[in-house]
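With this note's numbering, the residue at position 18 of the sequence shown is 41, and numbering never jumps. Ideal Cβ positions, reconstructed from N, Cα and C, are used throughout, including at glycine. Report on the structure given below.
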Amino acid sequence: MPERFLAELQETLEREIPMCGHMGIRVHSHDEQGVTMRAPLEGNRNHQDTAFAGSLNALCTIAGWASVFLLIRSHGFPGDIVIRRSSIKYLKPVACPQIFACCKLVGEREQSFFVEMLKDKGQAKIDVRVEIAVGQETAVSFSGSYVVFARS
24 MPERFLAELQ
34 ETLEREIPMC
44 GHMGIRVHSH
54 DEQGVTMRAP
64 LEGNRNHQDT
74 AFAGSLNALC
84 TIAGWASVFL
94 LIRSHGFPGD
104 IVIRRSSIKY
114 LKPVACPQIF
124 ACCKLVGERE
134 QSFFVEMLKD
144 KGQAKIDVRV
154 EIAVGQETAV
164 SFSGSYVVFA
174 RS
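Spelled out as structure tokens, the structure:
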């Protein structure tokens, strides 16, 4: 993934989704399977000094959105990305100083189908999974379905 896509992603998040700046959300790492976003606990904590559930949900939603953003950019598509539906499970409290949301896209075959649908129909749907871990255990499990509408 070219570094310019990562810079474009971070700039887009800060410009188009102001909440990302308020929450301190940053791109941490990426690969062809998805992206890992991070946010500090400070500023996203609740009254029990653990991560606020709304912040965790937002971080997961953004990690999914960011993975789809990088996927369409890597194939040369400008497009509008919207979340269609999501589900989240809070399995244990998150109290780490830095919170990492790791997104994994669907398999390569599903990604190819997504790209073909976007080319042929001008819109396509893709599913993602995002996890936030505490140590070796999953603390938050998120699944989301995103739709992309191609732009000319």
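{"Query": "Taking the straight line between their C-alpha atoms, what separation do you get for Ile-106 and Trp-88?", "Result": "8 Å"}
{"Query": "Between which two residues does the beta strand (DSSP E) holding Ile-85 run?", "Result": "Element bounds for Ile-85: not the beta strand (DSSP E) but the alpha helix (DSSP H), 76-97."}
{"Query": "Who are the near neighbours of Ser-109 in its chain, counting only those whose CB is closer than 6 Å to its CB and skipping five residues on each side?", "Result": "Gly-167"}
{"Query": "Are Ile-40 and Leu-79 close, meaning C-beta to C-beta below 9 Å?", "Result": "no"}
{"Query": "Considering only their Cβ atoms, is the gap separating Pro-101 from Ala-162 smaller than 9 Å?", "Result": "no"}
{"Query": "Using DSSP with H/G/I as helix, E/B as strand and the rest coil, what is Ala-162?", "Result": "strand"}
{"Query": "Considering just the uninterrupted stretch of the beta strand (DSSP E) at Cys-125, what are its terminal residues?", "Result": "121-128"}
{"Query": "List the endpoints of the continuous beta strand (DSSP E) containing Arg-33.", "Result": "A quick correction: the sequence has Gln, not Arg, at residue 33. Here Gln-33 belongs to no beta strand (DSSP E); instead the alpha helix (DSSP H) covers 26-39."}
{"Query": "Taking DSSP's pairing of strands, which residues face Arg-68 in a bridge?", "Result": "Ala-74"}
{"Query": "If you run the structure through DSSP and keep just helix, strand and coil, what is Glu-133?", "Result": "helix"}
{"Query": "When you compare the CB of Ala-118 with every CB in chain D, is at least one pair closer than 9 Å?", "Result": "The structure shown has no chain D; it contains just one protein chain."}
{"Query": "Can you list, in chain order, the residues of its chain with a C-beta nearer than 6 Å to that of Lys-127? Leave out the 5 residues immediately preceding and following it.", "Result": "Gln-56, Gly-57, Arg-152"}
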